[in-house]
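Heads up, the thing below is written out as structure tokens.
2 protein chains.
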Amino acid sequence: MSGTTTDQPAATMLEVPARRIPPPASVSPEARAALSESWAAGDVAYPPPDDLESWALVRQLADQAIVDRIAAQSAAIAASVETVELAGVTVHVLTPADLAADATNRVYLDIHGGALVFGAGDACRAMGLIAMDRAGVRTCAVDYRVPPEHPYPAALDDCIAVYRALLAEHAPGDVIVGGASAGGNLAAALLLRAHDEALPMPAAAVLLTPELDLTESGDTFQTNLGVDTVLTGSLADLNLLYAGGHDLAHPYLSPLFGDVAAFPPTFLQAGTRDLFLSNTVRMHRKLRAAGVEAELHVFEAMPHGGFGDAPEDRVVGDEMRRFVTAHGSSAG
Amino acid sequence: MSGTTTDQPAATMLEVPARRIPPPASVSPEARAALSESWAAGDVAYPPPDDLESWALVRQLADQAIVDRIAAQSAAIAASVETVELAGVTVHVLTPADLAADATNRVYLDIHGGALVFGAGDACRAMGLIAMDRAGVRTCAVDYRVPPEHPYPAALDDCIAVYRALLAEHAPGDVIVGGASAGGNLAAALLLRAHDEALPMPAAAVLLTPELDLTESGDTFQTNLGVDTVLTGSLADLNLLYAGGHDLAHPYLSPLFGDVAAFPPTFLQAGTRDLFLSNTVRMHRKLRAAGVEAELHVFEAMPHGGFGDAPEDRVVGDEMRRFVTAHGSSAG
Numbered sequence: 123m124s125g126t127t128t129d130q131p132a133a134t135m136l137e138v139p140a141r142r143i144p145p146p147a148s149v150s151p152e153a154r155a156a157l158s159e160s161w162a163a164g165d166v167a168y169p170p171p172d173d174l175e176s177w178a179l180v181r182q183l184a185d186q187a188i189v190d191r192i193a194a195q196s197a198a199i200a201a202s203v204e205t206v207e208l209a210g211v212t213v214h215v216l217t218p219a220d221l222a223a224d225a226t227n228r229v230y231l232d233i234h235g236g237a238l239v240f241g242a243g244d245a246c247r248a249m250g251l252i253a254m255d256r257a258g259v260r261t262c263a264v265d266y267r268v269p270p271e272h273p274y275p276a277a278l279d280d281c282i283a284v285y286r287a288l289l290a291e292h293a294p295g296d297v298i299v300g301g302a303s304a305g306g307n308l309a310a311a312l313l314l315r316a317h318d319e320a321l322p323m324p325a326a327a328v329l330l331t332p333e334l335d336l337t338e339s340g341d342t343f344q345t346n347l348g349v350d351t352v353l354t355g356s357l358a359d360l361n362l363l364y365a366g367g368h369d370l371a372h373p374y375l376s377p378l379f380g381d382v383a384a385f386p387p388t389f390l391q392a393g394t395r396d397l398f399l400s401n402t403v404r405m406h407r408k409l410r411a412a413g414v415e416a417e418l419h420v421f422e423a424m425p426h427g428g429f430g431d432a433p434e435d436r437v438v439g440d441e442m443r444r445f446v447t448a449h450g451s452s453a454g
Numbered sequence: 123m124s125g126t127t128t129d130q131p132a133a134t135m136l137e138v139p140a141r142r143i144p145p146p147a148s149v150s151p152e153a154r155a156a157l158s159e160s161w162a163a164g165d166v167a168y169p170p171p172d173d174l175e176s177w178a179l180v181r182q183l184a185d186q187a188i189v190d191r192i193a194a195q196s197a198a199i200a201a202s203v204e205t206v207e208l209a210g211v212t213v214h215v216l217t218p219a220d221l222a223a224d225a226t227n228r229v230y231l232d233i234h235g236g237a238l239v240f241g242a243g244d245a246c247r248a249m250g251l252i253a254m255d256r257a258g259v260r261t262c263a264v265d266y267r268v269p270p271e272h273p274y275p276a277a278l279d280d281c282i283a284v285y286r287a288l289l290a291e292h293a294p295g296d297v298i299v300g301g302a303s304a305g306g307n308l309a310a311a312l313l314l315r316a317h318d319e320a321l322p323m324p325a326a327a328v329l330l331t332p333e334l335d336l337t338e339s340g341d342t343f344q345t346n347l348g349v350d351t352v353l354t355g356s357l358a359d360l361n362l363l364y365a366g367g368h369d370l371a372h373p374y375l376s377p378l379f380g381d382v383a384a385f386p387p388t389f390l391q392a393g394t395r396d397l398f399l400s401n402t403v404r405m406h407r408k409l410r411a412a413g414v415e416a417e418l419h420v421f422e423a424m425p426h427g428g429f430g431d432a433p434e435d436r437v438v439g440d441e442m443r444r445f446v447t448a449h450g451s452s453a454g
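Residue numbers (our numbering), protein chains in the order written: chain A, 123 to 454; chain B, 123 to 454.
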């Protein structure tokens with residue numbers, strides 16, 4: 123997928139020498155501390171797709187790492203939590219303790235990140251709480267099915283099923299769809315498929331450092347390689363596991379290549395160190411070219427997914443809440 | 123100025139290995155071609171500040187290189203050109219041949235780039251034509267004084283003088299102030315100083331890949347070093363020449379550190395390979411934190427100043443014209 127490197131004559135290659143990059147003075151102390159550590163311990167050798175037992179263990183370890191990382195942050199969020207089946211899909215319904223009286227009709231459909239493989243269960247619920255805290259409205263965190271047992275289109279089927287179920291209870295103008303990373307992939311794919319299936323569009327969409335291109339064709343997959351301390355390499359192996367033999371460039375798998383003209387107003391966010399910066403700015407340009415209202419926020423020195431719980435991450439949340447609040451067609 | 127590298131303990135350094143980066147498949151063929159060439163031939167050893175004769179030659183060569191690079195593009199723009207003295211400053215008054223009847227009252231005050239040292243004379247006029255073509259309104263390109271003969275605050279004095287002169291003939295709501303690169307520095311410094319001098323704000327500001335921080339403290343001064351094929355290194359020597367002993371961190375020299383709360387609606391643009399990407403996104407965040415209307419556009423794989431005359435550069439122009447058109451308080 124990142125094989126473009128070998129397709130080019132050597133003469134056109136940009137030779138970038140090795141560098142030692144300091145944590146910048148231009149971010150908060152918390153952000154600097156986050157930039158001094160790396161999530162990954164080198165390349166991971168994944169099990170073969172048919173070794174389901176090993177995959178269950180790999181997912182369990184990865185999901186627990188997510189939970190551990192955000193445990194303190196998510197535990198501090200005051201909310202009522204209910205886990206239900208909606209249209210046959212597990213959904214965590216998260217209601218802010220301080221829900222505004224004029225927001226009771228509104229719902230945020232949150233699709234979690236985790237490279238389209240990780241982040242289910244407890245991790246989904248914990249990430250959903252952070253999303254709820256940012257959105258400021260009741261949040262349905264979709265605990266979609268994951269590969270290798272359930273490759274594409276299982277996760278997208280689950281998201282569409284929940285979206286349909288929410289439309290049965292809410293005006294489209296009261297629904298916002300969003301997600302971070304792999305969740306941004308599924309949120310954008312949901313919009314494309316909803317349009318194809320003649321469903322109404324939601325009021326708005328939120329794409330946080332979104333994985334919109336499973337072919338990884340954007341320039342920052344190269345320029346920010348080794349610079350992004352969270353995403354430290356290609357996700358090609360996991361993308362193939364998710365695709366399960368489907369074309370990675372199909373718009374339902376790589377929404378960057380879809381027709382986005384029907385998209386609702388869209389909020390896009392990434393960081394300057396983000397491996398997915400190209401995904402984000404390319405979608406911003408594509409939406410604007412299609413005449414869709416879209417706003418872009420790029421954060422100084424921020425790697426994929428943010429610094430954690432630094433002041434800059436809270437600004438991401440503030441901007442997201444302002445956008446969600448501004449894009450409702452009705453008030454409760 | 124970029125000495126932060128030595129201030130950090132080695133343990134916090136990010137080690138980025140050497141890389142060979144292909145021109146991305148995610149941009150136009152014209153953009154790919156531009157990314158395959160580099161402007162600079164290594165580090166330039168500048169003459170000492172008091173060697174005015176050598177500096178005149180260095181500037182002449184640099185200015186001619188600018189003119190040569192954009193000659194075809196600027197020559198194709200239909201405009202009437204008049205060079206006048208306005209408040210004692212040389213200004214090229216550029217009027218589009220197809221000026222819209224409802225835009226005759228409006229004026230774009232264009233401040234040229236060139237690292238605060240280069241870009242005067244013919245280069246100023248040629249760059250002004252491109253700015254005029256993008257703005258879509260009559261443009262006054264300020265041919266401000268440059269160092270070493272005229273260090274700070276000469277250039278800013280000239281820009282302020284022209285702004286005052288334009289305010290004598292135009293409603294503030296009919297004036298837009300903008301610039302690219304070093305011109306973005308002077309445009310933002312002009313706004314800060316105009317506010318301090320109790321002048322009214324213009325209708326809007328345009329900051330294209332702006333040099334807002336002469337201390338070069340942003341992260342992309344490191345992360346995009348060697349990745350940006352236009353700005354291939356620090357401009358610290360030229361910044362010191364311009365400053366002429368003044369503090370580089372003063373807001374009139376580094377507007378990123380100023381109080382921007384009084385800024386008018388501001389358009390900001392940069393590229394993902396841009397050494398000034400941090401300048402741009404940091405100012406965007408600062409404006410938004412201050413409650414100023416500001417919109418950010420970041421272009422895939424674009425180096426400082428753009429690809430030249432690629433389709434992507436024309437999109438920059440289209441967005442800028444839309445913004446300028448949308449931010450007028452009156453129509454002719």
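We treat Cβ as the ideally placed atom computed from N, Cα and C, and that holds for glycine.
- Exclusion of the five residues before and after Gly413/A leaves Ala383 as the residues of its chain whose Cβ lies within less than 8 Å of its Cβ.
- Residue pairing by DSSP places Glu137/B opposite Arg142/A in a beta bridge.
- Listed along chain A, no residue sits closer than 9 Å to His449/B by beta-carbon distance, the nearest being about 17 Å off.
- In terms of CA proximity to Ala416/B, Val328/B leads the group Leu399/B, Glu422/B, Val328/B and Leu347/B.
- Among the CB atoms of chain B, none fall inside 7 Å of the CB of Asp350/A.
- Taken through DSSP and simplified to helix, strand or coil, Leu321/B comes out as coil.
- With a contact defined as Cβ atoms closer than 8 Å, Leu308/A and Ile252/A miss out at about 17 Å.
- Between Glu422/B and chain A, the shortest Cβ-Cβ separation is below 7 Å.
- Gln344/B reaches chain A at Arg141, Ile143, Pro144 and Pro146, counting residues in chain order whose Cβ is nearer than 8 Å.
- Annotation note: the segment 232-270 of chain B contains the following uninterrupted alpha helix (DSSP H) runs of length 4 or greater, listed N- to C-terminal: 244-257.
- For the pair Ala432/A and Ala225/A, the Cα-to-Cα distance works out to about 27 Å.
- Contact of Met442/B with chain A by beta-carbon distance below 8 Å is absent, the smallest such distance being about 13 Å.
- Beta-bridge annotation (DSSP): Ile298/B is paired with Tyr230/B and Ala326/B.
- DSSP places Leu378/B within a helical segment (H, G or I) once states are collapsed to three.
- Arg228/A and Met254/A have their alpha carbons spaced roughly 12 Å apart.
- Within the segment 183-211 of chain A, no residue places its CB atom closer than 7 Å to a CB of chain B.
- Close CB contacts of Gly380/A within its chain, under the 6 Å cut and outside five residues either way in sequence, are with Leu314 and Pro373 (chain order).
- Taking the Cα positions, Asn361/A is about 32 Å away from Thr217/A.
- Ala223/A and Thr261/A have their alpha carbons spaced roughly 15 Å apart.
- Phe445/A sits away from Glu434/A, with the two beta carbons spaced by 7 Å or more.
- Taking 7 Å as the cut-off, the Cβ atoms of Met323/B and Pro386/B count as close.
- With contacts defined as CB atoms closer than 7 Å, Thr337/A and Leu363/A fail to qualify as a contacting pair.
- Interface flag for Gly340/B against chain A is set, since a Cβ pair is found closer than 7 Å.
- Ser158/A belongs to the set of residues whose beta carbon lies under 7 Å from a beta carbon in chain B.
- From the beta-carbon of His426/A, no residue of chain B is found nearer than 7 Å; the closest lies around 14 Å away.
- Interface annotation for the segment 383-402 of chain B against chain A: Thr394, Arg395, Leu399 and Ser400, criterion Cβ-Cβ distance under 7 Å.
- One alpha carbon belongs to Gly450/A, the other to Gly306/A, and they sit about 20 Å apart.
- The beta-bridge partner set that DSSP reports for Ala392/B consists of Val420/B.
- By DSSP's assignment, Thr354/A forms no beta bridge with any residue.
- At a Cβ-Cβ threshold of 7 Å, Arg395/B and Val349/B count as neighbours.
- Glu152/B carries a helical assignment under DSSP once its states are collapsed to helix, strand and coil.
- Residue pairing by DSSP puts Pro218/A in a beta bridge opposite Ala201/A.
- The shortest CA-to-CA distance from Leu174/A to any of Val206/A, Ile192/A, Pro425/A and Pro273/A is the one to Pro273/A.
- Contacts between His292/A and chain B, judged by CB atoms closer than 8 Å, are missing: the closest CB pair is about 30 Å apart.
- For the segment 404-423 of chain B, residues whose beta-carbon sits nearer than 8 Å to a beta-carbon of chain A comprise Arg404, His406, Arg407, Arg410, Ala411, Glu417, Leu418, His419, Val420, Phe421, Glu422 and Ala423.
- Listed along chain B are Arg142, each with a C-beta nearer than 7 Å to that of Glu137/A.
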